[in-house]
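S.K.: In the UniProt record's numbering, the protein residues as written are 1 to 347.
Note that beta-carbon positions come from the ideal geometry of N, C-alpha and C, so glycine has one too.
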């Protein structure tokens, strides 16, 4: 059994420490203390004994929260409020709020900028009994001094990023598989030299999308030199600049790639504009594929082909999982909602 995490000097024991001492999940401790009828007697006894030894007592605010009395769900957004052409966050919020509102819940927005003071404020707010649970759209839950949002005993669901390895049920899309499928479509149409217009290095989305392209290249026996990846700099919010820089790189290459797959529709639209300004025929000389499904892409000529993320459905699924967790139900660690390839005029 994992050795229990010792309490920080002067700090009250938390639900995570009780779970470690009892050898069960945090969610099981929560149910044992707030909805004991859903936990078998042996487990209840083990949890109660661990709580007694540690001196853990759930406060009134936490009990009120777990009983759903605040009827408020915290939505943790990933920092910058500028999303460019992409409407992923607003569409996801529409799905989340739609289902929660129909079930009598309201939402509280928390904007995560990764400043310690902001993260501490979010954690304090979540632990005060103000909210019943949280849906996190950032790459990780807020965390300060090793104490994370998920350690408060609140139901937490992640969306857009898979952090199920941290014990947080996650709703994601099939980024690896769909990028592989898009690349295979272009290979089937005769393309043999590819440019991947990358977003920030090391980001969850980048890892999976780039891996999908590489899988398609290898599967069809093309050499590694068939794929060039631009340098992953900046942030997704700088997508237009990423696209313009990629266009300059592509125009200088010999042989020139005949297909470009982009990390976002912002990058793809900027690349498309620069190529057209240079007299490059799209898609006959260079095919361009975006990622997100931004509606504005349909207004370009040629209209932007893209991979459309089901953001509203993902938001609805995330809200549904959270409601199930509030009801004390077990939920799957990962829920995958498939994206689709939207063929327009640019590829």
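#1: Is DSSP giving residue 165 helix, strand or coil here?
#2: Return yes when at least one heavy atom of the ligand FMN lies under 7 Å from the C-beta of residue 240, else no.
#3: Smallest Cα separation from residue 99: which of 340, 338, 306 and 318?
#4: My assumption, with CB atoms under 8 Å, is that residue 227 sits in contact with residue 204. Please give the rounded CB distance.
#5: Could you check the C-alpha separation between residue 107 and residue 185 for me, to the nearest Å?
#6: Hey, how far is the Cα of residue 206 from the Cα of residue 260?
#7: So, at 6 Å on beta carbons, what are the nonlocal neighbours of residue 110 in its own chain, with the 5 sequence-adjacent residues on each side left out?
#8: Tell me the start and end of each unbroken beta strand (DSSP E) in the stretch 278–324 that is at least 3 residues and wholly inside, in chain order.
#9: Which residues bound the alpha helix (DSSP H) around residue 219?
#10: Helix, strand or coil: which one does DSSP assign to residue 229?
#11: Return the CA-CA distance between residue 346 and residue 200, expressed in angstroms with no decimal places.
#12: Have a look at 91, 284, 179 and 93 and flag the residue whose alpha-carbon is nearest the alpha-carbon of residue 348.
#13: Does DSSP classify residue 131 as helix, strand or coil?
#14: Anyone know if the C-beta pair for residue 264 and residue 153 falls short of 8 Å?
#15: Less than 8 Å between the CB atoms is what I'm expecting for residue 173 and residue 309, so what's the real figure, rounded?
#16: First and last residue of the beta strand (DSSP E) that includes residue 197?
#17: With distances taken Cα to Cα, identify the nearest neighbour of residue 223 among 131, 208, 136 and 193.
#18: Looking at the secondary structure, which residues open and close the beta strand (DSSP E) in which residue 260 lies?
#19: Give the straight-line distance between the Cα atoms of residue 143 and residue 328, rounded to the nearest whole angstrom.
#20: Inspect the CB distances between the stretch 243–251 and the stretch 208–222 and report whether three or more fall short of 8 Å.
#21: Looking at the secondary structure, which residues open and close the beta strand (DSSP E) in which residue 159 lies?
#22: Between the alpha carbons of residue 170 and residue 209, how many angstroms are there, rounded?
#23: Any idea if residue 146 is buried or exposed, counting beta-carbon neighbours within 10 angstroms, 16 or more meaning buried?
#24: Going by Cα to Cα distance, which pick from 177, 33 and 137 is closest to residue 351?
#25: Indicate the three-state DSSP secondary structure (helix, strand or coil) for residue 16 in the structure shown.
#26: For the candidate residues 103, 333 and 71, whose alpha-carbon lies nearest to that of residue 129?
#27: DSSP state of residue 26, grouped into three classes?
#28: Give every residue of the same chain whose Cβ lies closer than 8 Å to the Cβ of residue 175, excluding the five residues on either side of it in the sequence, and list them in chain order.
#29: With DSSP as the reference, please indicate the residues paired to residue 147 in a beta bridge.
#30: Which partner residues does residue 110 have in the DSSP bridge list?
M.R.: On the basis of the data shown:
#1: Along the chain shown, read from residue 1 onward, the residue named residue 165 stands at position 165. Looking at residue 165 - three-state DSSP - the assignment turns out to be helix.
#2: Because no ligand of any kind appears in the structure shown, any question about the ligand FMN cannot be addressed here.
#3: Here residue 99 corresponds to residue number 99 of the chain shown, with the count starting at 1. Distance from the Cα of residue 99 is smallest, within the candidate group 340, 338, 306 and 318, for 318.
#4: In the chain shown, residue 227 corresponds to position 227, counting from 1. In the chain shown, residue 204 corresponds to position 204, counting from 1. With 8 Å as the limit, residue 227 and residue 204 do not qualify as a contact, their Cβ atoms being about 20 Å apart.
#5: Counting from 1 along the chain shown, the entry for residue 107 is found at position 107. Counting from 1 along the chain shown, the entry for residue 185 is found at position 185. In a straight line, the C-alpha of residue 107 is about 41 Å away from that of residue 185.
#6: By one-based count along the chain shown, residue 206 stands at place 206. By one-based count along the chain shown, residue 260 stands at place 260. Separation of residue 206 and residue 260 (C-alpha to C-alpha, rounded to the nearest whole angstrom) is 15 Å.
#7: Mapped onto the chain shown, residue 110 falls at position 110. Around residue 110, the same chain offers 74, 76 and 122 as residues with beta carbons nearer than 6 Å, after the five sequence neighbours per side are excluded.
#8: The qualifying runs are 287–289 and 306–308.
#9: Here residue 219 corresponds to residue number 219 of the chain shown, with the count starting at 1. Element bounds for residue 219: 204–219.
#10: Walking along the chain shown from the start, residue 229 turns up at place 229. In the displayed model, residue 229 falls within a strand according to three-state DSSP.
#11: The residue you call residue 346 lines up with position 346 of the chain shown. The residue you call residue 200 lines up with position 200 of the chain shown. Their backbone Cα atoms lie some 24 Å apart in a straight line.
#12: The structure shown does not extend to residue 348, since the chain is modelled only from 1 through 347, so no value can be given for it.
#13: Translated into the one-based positions of the chain shown, residue 131 becomes position 131. In the three-state scheme derived from DSSP, where H, G and I count as helix and E and B as strand, residue 131 is classed as coil.
#14: Position 264 of the chain shown holds residue 264. Position 153 of the chain shown holds residue 153. It is not a contact, given that the beta carbons lie outside the stated cut-off.
#15: Counting from 1 along the chain shown, the entry for residue 173 is found at position 173. Counting from 1 along the chain shown, the entry for residue 309 is found at position 309. Between residue 309 and residue 173 the Cβ distance is about 5 Å, and since that is below 8 Å, they are a contact.
#16: Residue numbering aside, residue 197 sits at position 197 when the chain shown is read from its first letter. For residue 197, the enclosing beta strand (DSSP E) has its first and last residue at 194–197.
#17: Along the chain shown, read from residue 1 onward, the residue named residue 223 stands at position 223. Among 131, 208, 136 and 193, the Cα nearest to that of residue 223 belongs to 193.
#18: Numbered from its first residue, the chain shown carries residue 260 at position 260. DSSP places residue 260 inside the beta strand (DSSP E), whose first and last residues are 259–262.
#19: Taking the chain shown and counting its residues from 1, one reaches residue 143 at position 143. Taking the chain shown and counting its residues from 1, one reaches residue 328 at position 328. Each residue's CA atom was taken as its position, placing residue 143 and residue 328 some 25 Å apart.
#20: Two segments are said to touch when three or more pairs of C-beta atoms, one from each, lie closer than 8 Å; by this definition the stretch 243–251 does not touch the stretch 208–222.
#21: Sequence index remark: in the chain shown, residue 159 carries index 159 (1-based). For residue 159, the uninterrupted beta strand (DSSP E) segment begins and ends at 156–159.
#22: As a first step, residue 170 must be located in the chain shown, where it is residue number 170. As a first step, residue 209 must be located in the chain shown, where it is residue number 209. So the alpha carbons of these two residues sit roughly 18 Å apart.
#23: Position 146 of the chain shown, counting from 1, holds the residue named residue 146. It counts as exposed.
#24: Look at the range of the chain in this structure, 1 to 347, and you will see that residue 351 is not part of it.
#25: The residue labelled residue 16 in the question sits at position 16 within the chain shown. DSSP places residue 16 in helix when its eight states are reduced to three.
#26: By one-based count along the chain shown, residue 129 stands at place 129. Of the candidates 103, 333 and 71, the residue whose Cα lies closest to the Cα of residue 129 is 71.
#27: For the purposes of this step, residue 26 is identified with residue 26 of the chain shown, where counting begins at 1. Note: residue 26 maps to helix in three-state DSSP.
#28: Taking the chain shown and counting its residues from 1, the one referred to as residue 175 is at position 175. In its chain, beyond the 5 residues on either side, 205, 208, 209, 212 and 339 have a beta carbon closer than 8 Å to the beta carbon of residue 175.
#29: Sequence index remark: in the chain shown, residue 147 carries index 147 (1-based). Residue 147 has 144 as its beta-bridge partners, per DSSP.
#30: As a first step, residue 110 is located in the chain shown; it is residue number 110 there, counting from the start. DSSP, once it has assigned bridges, lists 76 as partnering residue 110.
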